[in-house]
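Visitor: full-length UniProt numbering puts the first residue of the sequence shown at 1, with every later residue one more than the last. We put the beta carbon where it would ideally sit given N, CA and C, even for glycine. Dropping a structure here in structure tokens format, bear with me for questions.
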Amino acid sequence: MTGRFVISLIFAVIVAIFALQNAASVTIKFFFAEFTISQALIILISAVFGAIIVLILGTIKQFKTNMKVKNLSKSTEKLEEENRELKERIEQKSNDFNNIEANNMDMNNVETNDVEINNKNEDNSEN
């Protein structure tokens, strides 16, 4: 930002020197009016109008950029919230899966124990 200010200041000094060196009176015709005015004043007024136009365009661009950043920030927040919710769902599904696996292992152990008990009972009845 300071670099731009320095460049603008240097440009303003150059324009002022140029305007002062060309200070002759000139006749300006604007639509139906006619003015006799210093050429230096015309140069300075033109430079000021140019600066105002650049300022307005820069402000509009900055406003649009700020709006875009604001919208992107909102989108980012929504996506982060969605990401957090999806991670919670994944964690819940993973826990559910682990519980089902544990239940299956328990059921397999119960079935194995039942088979072993039945085998022992059959062995005992045969003896």
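1. Would DSSP call A33 helix, strand or coil?
2. Would you say F18 and I43 are within 8 Å of each other, going by their C-beta atoms?
3. In terms of alpha-carbon separation, which member of A51, F31, L41, L20 lies closest to I7?
4. What do you reckon, are the CB atoms on Q39 and N22 nearer than 8 Å?
5. Nearest to I14 by alpha carbon, out of A47, R84, F35, I53?
6. When you compare only the Cα positions, how much space is there between N83 and K74?
7. For the alpha helix (DSSP H) that A24 lies in, which residues bound it at each end?
Guide: According to the structure shown:
1. Note: A33 maps to strand in three-state DSSP.
2. yes
3. A51
4. yes
5. A47
6. 14 Å
7. Element bounds for A24: n/a, residue is neither H nor E.
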